[in-house]
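The opening residue of the sequence shown carries number 1383 in the numbering used here; numbering runs sequentially from there. For every residue, glycine included, the Cβ atom is placed at its ideal position computed from N, Cα and C.
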Amino acid sequence: MITFFQLGKYGAIGNQLFQYATLYSIGKINNYTIKIPKTEEHFDEGTNRIQHYFLNCFDNIFAEILTEEDKKLIKYKAHDENAISYNQNMFNIPDFTTLEGYFQSYKYFIGFEQDLKKQFQFKKSIINSINAKYNINYKNFSSVHLRYGDYAHRQNYHPIMDKDYYKKAFELLDSSNYLVFSDSIEYAKVIFNDFKNINFIFVENNHAFEDMYLMSVCKDNILANSSFSWWAAWLNENNKVIAPKNWLGPAYYGRWNIEDLIPKEWIII
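Here's what the structure looks like:
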């Protein structure tokens, strides 16, 4: 049995999906039982908002629920030392281990993409809620994500993507209609105000997992440097994805590798 004691409390939904996908792949390769905690939503002081648990978004999660008795059986801890980096040695962990860290690399779950996409199918209640709210053909729109709020005072760690990044991204896509997602929608309106001949719809007042679903059904995706929009794009099918090369700031120098994070078929600018 392997688990992740802090799953649901070690970052928001995007981080949780990386952590679960890694846990699942390690378990399947080693034929270990996979168990995860049943965690409720909680307030995250770092982002100053409620963090939802990914288990509440999907119906088909493979893992069993971790019990208090199960916790007593755990003997080892395997910690991911780097912010974004693939460590093949993680697949050599012994049984009865709990993972700890971010595991932000698609390479951890190569070969398990279809398994995970089946598990990460959004609940019908989420889909129905979005379909009732937005009477549009999603494939006529691409998504663009701007992360600002909790990054504003931490740019040494998480740089904010500037107008020039989005200008280059728009030029690479053939879309003229965009759904805009942001944790600071008023700031996004200022940033995108100068772009002419583009139709923007600013998405507001949704739960985070509703936004992720909506991003995942758009035509193409322009990412912020955020695991949230990363996963929305990864769950999308047959799409073009634009991702920023400046994913992390200088505080993480030497601790991450863009090639471990961004799939080869995505466009990095």
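**OP:** With DSSP as the reference, label Glu1446 as helix, strand or coil.
**Re:** Glu1446: strand per DSSP, three-state reduction.
Original post:
So does the segment 1600–1611 actually touch the segment 1625–1642, counting three or more Cβ pairs closer than 8 angstroms?
Top reply: With the rule of 3 Cβ pairs closer than 8 angstroms, the segment 1600–1611 counts as touching the segment 1625–1642.
**OP:** Name the two residues that bound the continuous alpha helix (DSSP H) containing Val1585.
**Re:** From DSSP, Val1585 is part of no alpha helix (DSSP H); its letter is neither H nor E.
Subject >> Pick from Asn1621, Gly1631, Cys1600 and Val1599 that is closest to Ser1608, judged by C-alpha positions >> reply: The option with the nearest alpha carbon to Ser1608 is Gly1631.
**OP:** Measure the alpha-carbon distance for Asp1462 versus Phe1552 and round it to whole angstroms.
**Re:** Each residue's alpha carbon lies about 35 angstroms from the other.
**OP:** Could you check the C-alpha separation between Ile1580 and Phe1574 for me, to the nearest Å?
**Re:** So the two alpha carbons sit approximately 9 angstroms from each other.
Original post:
Terminal residues of the continuous beta strand (DSSP E) containing Ile1624?
Top reply: Element bounds for Ile1624: Val1623 to Ala1625.
Original post:
I think Lys1391 touches Asp1441, with their Cβ atoms under 8 angstroms apart; what is that distance to the nearest whole Å?
Top reply: Actually they are not in contact, since the Cβ atoms of Lys1391 and Asp1441 sit about 22 angstroms apart, beyond 8 angstroms.
Original post:
What do you reckon, are the CB atoms on Ser1467 and Asp1642 nearer than 9 angstroms?
Top reply: In this structure, Asp1642 lies closer than 9 angstroms to Ser1467 by Cβ.
Original post:
Helix, strand or coil for Tyr1530 per DSSP?
Top reply: Reduced to three states, the DSSP call for Tyr1530 is coil.
Original post:
Between Asn1438, Asn1413, Glu1482 and Thr1385, which lies nearest to Glu1450 when the distance is taken from Cα to Cα?
Top reply: When only C-alpha atoms are compared, the closest one is Thr1385.
**OP:** Could you work out which residue in Trp1629, Cys1600 and Ile1416 is closest to Asn1523 when comparing CA atoms only?
**Re:** Reading the sequence as shown, one finds Phe at residue 1523 and not Asn. The shortest C-alpha separation from Phe1523 is found at Cys1600.
Original post:
Tell me, which residues are paired with Val1562 by DSSP?
Top reply: DSSP lists Val1526 and Phe1584 as the bridge partner or partners of Val1562.
Original post:
Within this structure, are the beta carbons of Ile1418 and Leu1399 separated by less than 9 angstroms?
Top reply: No; because the gap between Cβ atoms is not below 9 angstroms, this pair is not in contact.
Original post:
What's the gap between the Cα of Ile1650 and the Cα of Asp1452?
Top reply: Approximately 42 angstroms, taken between the alpha carbons.
Subject >> Ile1518 burial status per 10 Å Cβ neighbour count (16 or more: buried) >> reply: Exposed.
Subject >> Segment limits, alpha helix (DSSP H) that includes Thr1404 >> reply: Unbroken alpha helix (DSSP H) run through Thr1404: Ile1395 to Asn1412.
**OP:** Could you give the DSSP three-state label for Tyr1516: helix, strand or coil?
**Re:** DSSP places Tyr1516 in coil when its eight states are reduced to three.
Subject >> Three-state secondary structure assigned by DSSP to Ile1508 >> reply: The answer is helix: DSSP assigns Ile1508 an H, G or I state.
Subject >> Alpha-carbon spacing of Leu1481 relative to Asn1412, whole angstroms >> reply: The straight-line gap from Cα to Cα measures roughly 14 angstroms.
Subject >> Proximity winner among Phe1478, Tyr1488 and Ala1394, relative to Lys1646 (alpha-carbon distances) >> reply: Nearest option by C-alpha distance: Tyr1488.
Original post:
For Gly1393, is the classification buried or exposed, using 16 other Cβ atoms within 10 angstroms of its Cβ as the cut-off for buried?
Top reply: Looking at its Cβ environment, which holds 16 or more other Cβ atoms inside 10 Å, Gly1393 is buried.
Original post:
Which value, in whole angstroms, describes the spacing of the CA atoms of Gln1470 and Tyr1490?
Top reply: Taking the straight line from one Cα to the other gives about 8 angstroms.
**OP:** Could you check how far apart the C-beta atoms of Phe1591 and Ile1508 are, in whole angstroms? I think they sit under 8 angstroms.
**Re:** About 6 angstroms separates the beta carbon of Phe1591 from that of Ile1508, a gap short enough to meet the 8 angstroms contact definition.
Original post:
To the nearest whole angstrom, what separates the beta carbons of Lys1459 and Thr1479, a pair I think is in contact under 8 angstroms?
Top reply: At roughly 7 angstroms, the Cβ-Cβ gap stays under 8 angstroms, so Lys1459 and Thr1479 are in contact.
**OP:** Return the Cβ separation of Tyr1539 and Tyr1634 in integer angstroms, given the expectation that the two are a contact with Cβ distance under 8 angstroms.
**Re:** The distance from the Cβ of Tyr1539 to that of Tyr1634 is about 7 angstroms, consistent with a contact at the 8 angstroms cut-off.
Subject >> Under the three-state DSSP convention, the category Leu1555 falls into >> reply: In this structure, Leu1555 counts as coil in the three-state DSSP scheme.
Subject >> Cβ neighbour criterion (16 or more within 10 Å) applied to Gln1324 >> reply: In the structure as shown, the chain starts at 1383 and stops at 1651, and residue 1324 therefore has no counterpart that could be examined.
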